[in-house]
Each structure stands twice: as C-alpha cells, then as structure tokens.
DNA sequence: TCATTTTTCGTGTACGTTAACGAATAAATT
DNA sequence: AATTTATTCGTTAACGTACACGAAAAATGA
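Chains as they are written, first to last, in the numbering used here: chain E, 282 to 634; chain R, 282 to 634.
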C-alpha cells in the first residue's frame, strides 16, 4: 500500500522532505563533510523512513570512480595445471564486473619459490590497489604482505588455503579437515575391513604442509572416531621430480604393502604413473583434483576416487566478494567452504569444475 | 594502442564520425524506423569499426522500459518437493535482475491435473508478458500454450523437460538419455556380472512418460552397447499412492527377484519405504533427486545412488536466459544440459543443489 | 562593530542514452 | 506548380547521482 511509487524515491524527494537541496542530501549519503549535525540527523531519519535505495545505474553513470583489484595465485606450471581453474574463475568475474568500473590485474608466483611470491606481492603493494585476492601459500611471506595491506587499509581475501587469525575479508576454499575426513570415509567404503593405508604428502615447500597436515588430521580422526583399528602409515616426499618420487615410493613399498594409498593433493597422477609402471594393481588410490592427468588414470582404473572442490568457483567468488564488499557494501560470509565433490570413472564426464 | 580511450566511445562519437546527430545514431542502434538505408549503413559500419558497446547504465537510466517474465512450473506438493529447488533458482534470478526493471511473476500447476496447467497458461497469455519460462510437462497443453506465445511473439524457454521441435529460445535441463545411460553404467558398476534389473516408472499422467521413457532408452542402450546380456524388466505404476505402489511392487517381486531396481524419477523413496517395510535388503536401489526423503533412505543404506541435475540452477539459468536474450541481446545456447551429479552416502552432506 | 575565516549549504553541469517533438527534405498527389 | 503526405533527421529534455564552484550563514578574531 505505502510503496506504490516504489523505486522512485530519490535524492530529490528526500531533499524536498528535508527542506534542503539535493547537494546536501548527497553529502550525507556519501558521508562527506560540510553538513551540520542537525540537518544530517534530519536527513538520515528521512532516508531511513523512506528506505531509500540509491539508483545504482545513475550512481555508476555519474561516478568516474574506478576500482582496481589485484590477484596473486600460483602460475600454472608443468608440474600441475591446478591453478588454471581458479584463474579462469577470476577472469570470468573480472569480465562480469568490468562494466562497473573495476579493473582486475593478475599477478603470479612460483609455488616452489618464495622469492617470486615476495616480488609479486611487492608489485601489488606498490600498485595502489583497492582490493586483493591471494592464495596465501607461504605463511611468513603472506603475513608480511598482509600487514602491508592492513597498513594501507586494503581488504584482502584468501582462496584455496587459509591462514587463520588475520583480518581477511573472507576465506573461500575447502574445509581441509572435512576433506580429509571424507577421504577416510571413502577409504573405509573401499575396504570396510580395516586394512593398511598409506598417506602420501608430495610438496617441495614445507609451508604447504600446513595445508596437507590438516587433511591428514581429518583423515586420521575419522578412523579414531569410527573404527579405530585402521593401520595408517605416512610418507613425506619433498622433491616433486618423478625420479625422486619413484625412489621414495619404492623404498616405502618394499618395507610393507598397502591396501589403500591416499595422496593429499593433486600430485596423485604421479603415484598412479608409478603404479602402472610397476604393475601395482590391487591397491586402491585416492587423490585430489580434476586434472587431465588424473582423469586419465581414473579412466585407466589406476585411480579410484578424486576429490575436487570447485577451484574455478573459488576464483570467481573471491573477486566477487571484493566487489560485494567494496561496491555493494553487503556483508560477506567469513568462511565460504566449497562443496566436496567425489569424482569417479562413473561420473567424471559430467563434472564441471 | 588504438583502444586508449576504451569504453569512452558513445553515440556522440559515432554521430560525429558519421556527420549525423545522436538521434539518428540512436535510431539505428535501437533499429527504429526513420533512417535512410544509406546513412544506416554508414552508421552501422562505424559502430562495427569502433566495436561500440552501449553503456548499460546510461541505457537503463534513460529507459523507462519495464519487462515482465512469467514462470510456469509445478507447485510443490506433499507428493514431491522437487520443485522447491527450481523455484528457488527462479527467485534468485528474479532478485538479481529486478534492478534492471524486470518483474517476474510465478504461476503454478498441479502435476496430476492438466486443467490446472491450462488455467495458469491462460492467465499468462492474458497477462501480457514479455517472456515465459515453463516446465512443459503435458505435451498437448504445452503445445497449445506455445502456439499462443508464438502468436504474441513472446519468447519462451523450457526447463527440466523438453518438447523438441518447437522454437523455444532454449532448453535447460537434463540430457535424459545420458542420464539413463549413466544410471546403467552405475548399475553395471554395482553388479558387474549381468544380473536381473527392474526399471520402475511411477507417474500418474501418461504424458510424463515421454520424460521417463527417454531415460529408459538410455538405460537399455548402455547394456546393448556394452554387455548385451543384462536381463531387464520394467513396471509402470500409474497411481502415486503408497498403497497402490506397494501392491504393484509386491505383484512384480512375487513373480521374480531382482538384483537392481532403477526408479526413473524422484519417487524412489516410496520404493525404499517398501523395501524397508518388507525387509528387502539385498537389492541395489537407484533413483533421482536430492530430496529429504531420498536422503533419509540413502543414509539408511536402502538407496545406493541418487542422480541429481542441479534443479535450482535450472530455474536460475532459465530466467537468466530470457534476460540475456531480451535485454542483453546475447545469443543463447539452444540446449543447456545440466551436469549429472551422483550422490551417495559418502558425499551427500556436501552436495549443493 | 567590522572584517575575516570557517562552516554549511544551494546551484549547475556532467555522465551516456532514450524518446518525444518538430524541422527540413523528399516524394506523391492534385 | 502548388499542396499534401511521407520520410529522414536534429534538438532537447529527461533519467538519478556525483561533484565542483561559489553563495550565504555562522563563528571567530580584531
């Protein structure tokens, strides 16, 4: 009843009701200086009563304000193509909001090189950006970067992995613990009778281990909570070359044999390759991410399950969160956990990242 | 190099280059009448050369044009809550585009009552809408409705099920054939040795059978193409009451026993209920859709697999397609097949519709 | 009290597009 | 040729907000 002219309330109407000019109304709307407390209160009251919603189109048209976002994620390497997907999500979001005067420029770093992270971070700091999206893979370097952002009052979001205890706008990515927990669940499903399981961590930089360790924790806790009688071993491989992985695996597998192998990241295809070359067929293999190499081994039946957590959407929602915060001023969910998708040879054809 | 003032090309610039006024440019942009072929060609050429992109904000601000979309989908009933999800997608989309001057109003019909479809369709026809989204469940009634839309030149999209051979803007939903094919694949996975399989169609209205039949076709073809030696039976149940379903199932199961039962729609929970009440435990059960009842039986281990095809996204993308077509004038993919998600007791907790 | 500074506010133009109105020109009719 | 009718085009005022500029009012200083 009361909203018959809904959407048509503008600064003009507010100004009329408050006996001031639209200029004054504009000042309190954008809380600029130069208006007395009394009239400011009066205008705010009217704005609230009318439930005034500014016309985003007129606003955008009249404003020549431009925002710039920076993104900092690992570059795609021949080691893993995982980061293609988040980058694509970033680009998609960038395309959707470019009409709104937002430019997003992408920076990269080498996962095996902390210096490259620092270099790119420095460029961003110097670039005068209004928002930052980052994959905070290196604890120390990320913290330094974050502090600089805080100093400059630049909001930043984390994707893919989290560093708790910082005032990031939000975290978008997997719930690592849950992810490991689910993996254990699947392992249990694959071989209900408690069998021998091997956890394989493959990563060069020790920092990334926080990431993997959290998964491992979830994995172990599942068995503790359910049937505590599973026999779990673990191996850390800190060189990503095939030769080295091969050697480490051979070493481990000569000591004992396993029913299930759980690789805590996307490097599972390397293990699959090893299995194939060594004619290992009766071991169930679980790993991470919808990558071409992994899918190949899924088809081969060498890999049994892949877990995937919408990497593209992580990138997309990451920059969108910055946009929502900076432009729309909407409140942002602090922790946005991705769904945990299970990919098998039954459904991989229909999966979309 | 050449695009240094990118984004700043407007009608004004075009008009200047063409030695005409902005009014004339506007006329060819909105292809209105009243401009000679010669100047029209000249202006179009310049527009193309400059790769002119109209400023959507200025456009929206200046235009008082409002569009109205109508949606026609089944109402949620106590029989099935499936259609809650598409409706939610519709509402989400409606909310996102309401600022762009688009109102979407929802109409409903009873899946067991063709008259209700006709009634709602008539209201839409009389409503003077600019676009229609519909779930064309009843062939004949839908065709009549469609013809009226064609007459009024109202674009319409199909979701959830298709009626081929009409000039619908697009179809958004499952690839039914593929969906059945995948189900067979899973069945094969559940019991690799060829075993006895029962297909169960449960639906009151015979029209809906086109929908189910296509799934069945995919299902059967899988076995023909792979190992043709599967023993497949089928039962059609045309009353949706539990009593009736119970009777039919008892009848069928007394004649023979089965290893796998494949229910071609979301009514699988009814079969699960029957299984539980009759202590049938060694039969694998596959069905459709992420509904509360179904999930319950998934947890119980009565249902083994559920197939789900993003019902919410169907609704969302359906109205978005109308928007893209009518407002943005982008070209629309004619057939938009949803991914085929497989839900098990391992991953249902993490599924998002 | 008068001059000066500061605070508070109104006016006007711009953003790029739409669309109504009417002017100019061309074509058709008498 | 004069008049009417169509066709083609230019001008202009919106749309609602941002922001620069300057005027008026108030506060401060002498």
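Note that CB positions come from ideal geometry on N, CA and C, so glycine has one too. Note that the structure is predicted; figures quoted are calculated from it, not measured.
DSSP places residue 384 of chain E in the uninterrupted beta strand (DSSP E) bounded by 383 to 390. The C-alpha of residue 622 of chain R lies about 51 Å from the C-alpha of residue 326 of chain E. Taking a C-beta distance under 8 Å as the contact criterion, residue 600 of chain E and residue 414 of chain E qualify as a contact pair. Here residue 387 of chain R has 352 as same chain residues with Cβ atoms under 6 Å from its own Cβ, once five neighbours each way along the sequence are excluded.
Of the residues E/566, E/561 and E/562, the one whose Cα lies closest to the Cα of residue 550 of chain E is E/566. Counting only Cβ-Cβ distances below 8 Å, residue 627 of chain R has contacts in chain E at 463, 466, 467, 470 and 623, in chain order. Comparing alpha-carbon positions, the option among R/547, R/456 and R/518 lying closest to residue 533 of chain R turns out to be R/518.
Against chain R, a Cβ distance below 7 Å from residue 567 of chain E picks out nothing, because the smallest value is about 11 Å.
Two segments are said to touch when three or more pairs of C-beta atoms, one from each, lie closer than 8 Å; by this definition the segment 450 to 467 of chain E touches the segment 571 to 591 of chain E. Contact between the segment 614 to 631 of chain E and the segment 311 to 320 of chain R is absent: fewer than 3 CB-CB pairs across the two stretches fall below 8 Å. Under the three-state reduction of DSSP, residue 562 of chain E is assigned to coil, being neither helix nor strand. Of the residues E/501, E/482 and E/355, the one whose Cα lies closest to the Cα of residue 466 of chain E is E/501.
In terms of beta-carbon proximity, residue 620 of chain R lines the interface with chain E, with at least one pair separated by less than 8 Å. Counting along the chain, no alpha helix (DSSP H) covers residue 517 of chain R; the unbroken beta strand (DSSP E) around it starts and ends at 512 to 518.
Between the alpha carbons of residue 505 of chain E and residue 568 of chain E lies a distance of about 21 Å. Per DSSP, reduced to three states, the secondary structure at residue 482 of chain E is strand.
The C-beta distance from residue 575 of chain R to residue 547 of chain R rounds to 7 Å, short enough to meet the 8 Å contact threshold.
For the segment 315 to 348 of chain R, residues whose beta-carbon sits nearer than 8 Å to a beta-carbon of chain E comprise 336, 337, 338, 339, 341 and 342. Your pair residue 630 of chain E and residue 452 of chain E does not check out as a contact, with CB atoms roughly 31 Å apart and the cut at 8 Å. Setting aside the 5 residues that flank it on each side, residue 483 of chain E is surrounded in the same chain by 518 and 548, each with a C-beta closer than 6 Å to its C-beta; the list follows chain order.
Three or more Cβ pairs closer than 8 Å define a contact, and the segment 363 to 373 of chain E falls short of that threshold against the segment 323 to 342 of chain E. For residue 303 of chain R, same chain residues with a beta-carbon under 7 Å away, outside a window of 5 residues either side, are 292, 293 and 296 in chain order. Of all residues in the segment 376 to 387 of chain E, only 380 place a beta-carbon less than 8 Å from a beta-carbon of chain R. Between residue 604 of chain R and chain E, the shortest Cβ-Cβ separation is not below 8 Å. Here residue 420 of chain E is exposed. Its C-beta has fewer than 16 other C-beta atoms within 10 Å. With a contact defined as Cβ atoms closer than 8 Å, residue 450 of chain E and residue 613 of chain E qualify at about 6 Å.
Taking residue 544 of chain E as the centre and dropping the five residues before and after it, the same chain places the C-beta of 481, 552 and 568 closer than 6 Å to its C-beta, in chain order. Under the DSSP assignment, residue 601 of chain E falls in the alpha helix (DSSP H) whose first and last residues are 592 to 604.
Bridge pairing for residue 477 of chain E: E/512 [DSSP].
Residue 608 of chain R and residue 381 of chain R do touch by the CB rule: their CB atoms are close to 6 Å apart, below 8 Å. In this structure, residue 383 of chain R and residue 350 of chain R form a Cβ contact; the two beta carbons are roughly 6 Å apart against a cut-off of 8 Å. One Cα belongs to residue 300 of chain E, the other to residue 319 of chain E, and the distance between them is close to 13 Å. The beta carbon of residue 417 of chain E sits closer than 6 Å to the beta carbons of 423, 439 and 444 from its chain, once the five residues preceding and following it are set aside; these are given in chain order.
Rounded to whole angstroms, residue 529 of chain E and residue 369 of chain E show a C-alpha spacing of 34 Å.
Residue 451 of chain E has E/438 as its beta-bridge partners, per DSSP. Counted as a single uninterrupted DSSP element, the stretch harbouring residue 410 of chain E is not any beta strand (DSSP E), since DSSP gives it neither H nor E.
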